[in-house]
Amino acid sequence: MYSETKIVIPIFQKNKENILKVANECIIKGADILELRIDGMENPNPQTVKEIIGEIDFPIIATNRTSKEGGSFRGSDEERVAILRECADLADYIDIELQTDKELIKSITDTGVKTIISYHNFKQTPDLDILMDIVIREKELGDIAKIAVMPNSLEDTLTILPILSHFDNTVAISMGELGSYTRVIASKFNSPFTFAVVNDNTAPGQIDIDTMKTLLNSDLINTDDLK
Numbered sequence: 000m001y002s003e004t005k006i007v008i009p010i011f012q013k014n015k016e017n018i019l020k021v022a023n024e025c026i027i028k029g030a031d032i033l034e035l036r037i038d039g040m041e042n043p044n045p046q047t048v049k050e051i052i053g054e055i056d057f058p059i060i061a062t063n064r065t066s067k068e069g070g071s072f073r074g075s076d077e078e079r080v081a082i083l084r085e086c087a088d089l090a091d092y093i094d095i096e097l098q099t100d101k102e103l104i105k106s107i108t109d110t111g112v113k114t115i116i117s118y119h120n121f122k123q124t125p126d127l128d129i130l131m132d133i134v135i136r137e138k139e140l141g142d143i144a145k146i147a148v149m150p151n152s153l154e155d156t157l158t159i160l161p162i163l164s165h166f167d168n169t170v171a172i173s174m175g176e177l178g179s180y181t182r183v184i185a186s187k188f189n190s191p192f193t194f195a196v197v198n199d200n201t202a203p204g205q206i207d208i209d210t211m212k213t214l215l216n217s218d219l220i221n222t223d224d225l226k
C-alpha cells in the first residue's frame with residue numbers, strides 16, 4: 000500500500016549555488032518536500048532566501064533553527080524570525096520552535112503561512128506526559144506539531160508510538176540509530192512527514208531516501224499488531 004506520508008529532505012548548505020545544486024539532486028531522487036535550513040547558510044538575508052525558494056520552485060519548509068535546538072543561526076531570535084517572516088509568502092511551511100517567544104511565533108502565524116511548531120531534545124526523551132503536553136501546546140499555536148527526541152534506551156523509543164497514535168497532524172521522531180525505525184513507522188500512523196537524507200545529515204538516525212521510499216511502501220509493519 001502506497002504511503003501518504005511525505006518524505007522531507009533537509010538541505011544544509013552554505014551558499015545559493017550549492018543549495019540549488021543539492022535541491023535538484025533531491026528532487027530527482029524523489030523528495031516530496033525540501034527543508035531549506037536557512038541556519039546552514041553563511042550570512043543569510045531575506046532577499047537571498049526568497050530568491051532561492053523562488054528558483055527551486057518546489058514544495059519548501061523554511062527552517063531557521065536556533066542553536067538551542069541543534070541549529071546554527073547565530074543572530075538574535077528577532078533576526079532569525081524576521082528572515083522566516085519575509086519568506087512566508089513563498090514557503091509552503093515555516094518551522095518555528097515552540098520555545099520561541101509567543102509574539103514572534105504569532106508574527107509568523109499571522110502571515111497565513113502553514114506552520115510546523117517544533118521541539119527538539121538532543122539529550123534525552125522526556126516522560127510521555129511531558130511530551131503530550133508539548134504536542135498539545137504546539138497544536139494550539141500552529142498547523143503541525145513536531146517533536147524529535149533522543150533515546151537513551153530502546154524503551155525510550157516506544158514513547159513516540161502513543162503520541163503518533165493519539166494525535167493527528169503530528170511528526171514524532173526518536174532520533175539516533177535506536178530510534179531510526181520510528182521514522183518509518185510514522186507513516187503507519189498517517190504522520191504528515193518523515194525526514195530522510197540525500198546529502199545533508201541534519202539529525203542522527205536519518206535514513207537515506209532510497210531506503211526510506213522502499214520501507215514506506217512496504218507492508219513490513221502492520222499497526223493493527225501494535226494496538
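Mapped onto numbering that gives the first Met the number 0, the consecutive letters of the sequence shown carry residue numbers 0 to 226.
Cβ coordinates follow ideal geometry from the N, Cα and C atoms, glycine included.
Keep in mind it's a predicted model, so treat the numbers as computed, not measured.
Original post:
According to DSSP, what are the bridge partners of Val148?
Top reply: Asn120 and Ser173
**OP:** In angstroms with no decimal places, state the Cα-to-Cα distance between Val48 and Ile32.
**Re:** 17 angstroms
**OP:** Quick one: give me the first and last residue of the beta strand (DSSP E) that Leu33 is part of.
**Re:** Ile32 to Arg36
Original post:
What residues in its chain sit with their C-beta under 8 angstroms from that of Asn44, if we drop five residues either side in the sequence?
Top reply: Ile82
Subject >> Three-state secondary structure (DSSP) of Phe166 >> reply: coil
**OP:** Measuring alpha carbon to alpha carbon, tell me which of Ala90, Leu89, Glu96 and Asn23 ends up nearest Arg79.
**Re:** Glu96
Original post:
Under 8 angstroms, do Ile146 and Leu130 count as touching if we go by C-beta distance?
Top reply: yes
Original post:
Going by other Cβ atoms of all chains shown within 10 Å of its Cβ, with 16 needed for buried, is Thr210 buried or exposed?
Top reply: exposed
**OP:** Grab the span of the beta strand (DSSP E) containing Pro9 for me, first residue to last.
**Re:** Lys5 to Ile10
**OP:** Measure the C-alpha to C-alpha separation of Ile135 and Lys122 and round it to an integer number of angstroms.
**Re:** 22 angstroms
Subject >> Leu163 burial status per 10 Å Cβ neighbour count (16 or more: buried) >> reply: buried
Original post:
Looking only at DSSP bridge pairs, what is Val196 linked to?
Top reply: Asp207
Subject >> Reference Ser106, options Asp76, Lys5, Lys28 and Glu68, closest by Cα >> reply: Asp76
**OP:** Report all residues from its chain with a CB closer than 8 angstroms to the CB of Thr99; omit the five preceding and five following residues, and keep chain order.
**Re:** Thr65, Asp76 and Val80
Subject >> Assigned exposure category for Thr156 - 16 Cβ within 10 Å defines buried >> reply: buried
Subject >> Start and end residues, beta strand (DSSP E) containing Glu96 >> reply: Tyr92 to Glu96
Original post:
Is DSSP giving Ala22 helix, strand or coil here?
Top reply: helix
Original post:
Roughly how many angstroms lie between the CA atoms of Phe166 and Phe72, to the nearest whole one?
Top reply: 30 angstroms
Subject >> Residues bridged to Phe72 (per DSSP) >> reply: Thr65
Original post:
So, helix, strand or coil for Lys13, using DSSP?
Top reply: coil
**OP:** Would you kindly report the start and end of the unbroken alpha helix (DSSP H) that includes Gly53?
**Re:** Pro45 to Ile55
Original post:
Where does Ser152 land, buried or exposed, given buried means 16+ other C-beta within 10 angstroms?
Top reply: exposed
**OP:** Find out if the Cβ-Cβ distance for the pair Glu34, Ile10 is shorter than 8 angstroms.
**Re:** yes
Subject >> DSSP state of Thr181 mapped onto helix, strand, coil >> reply: helix
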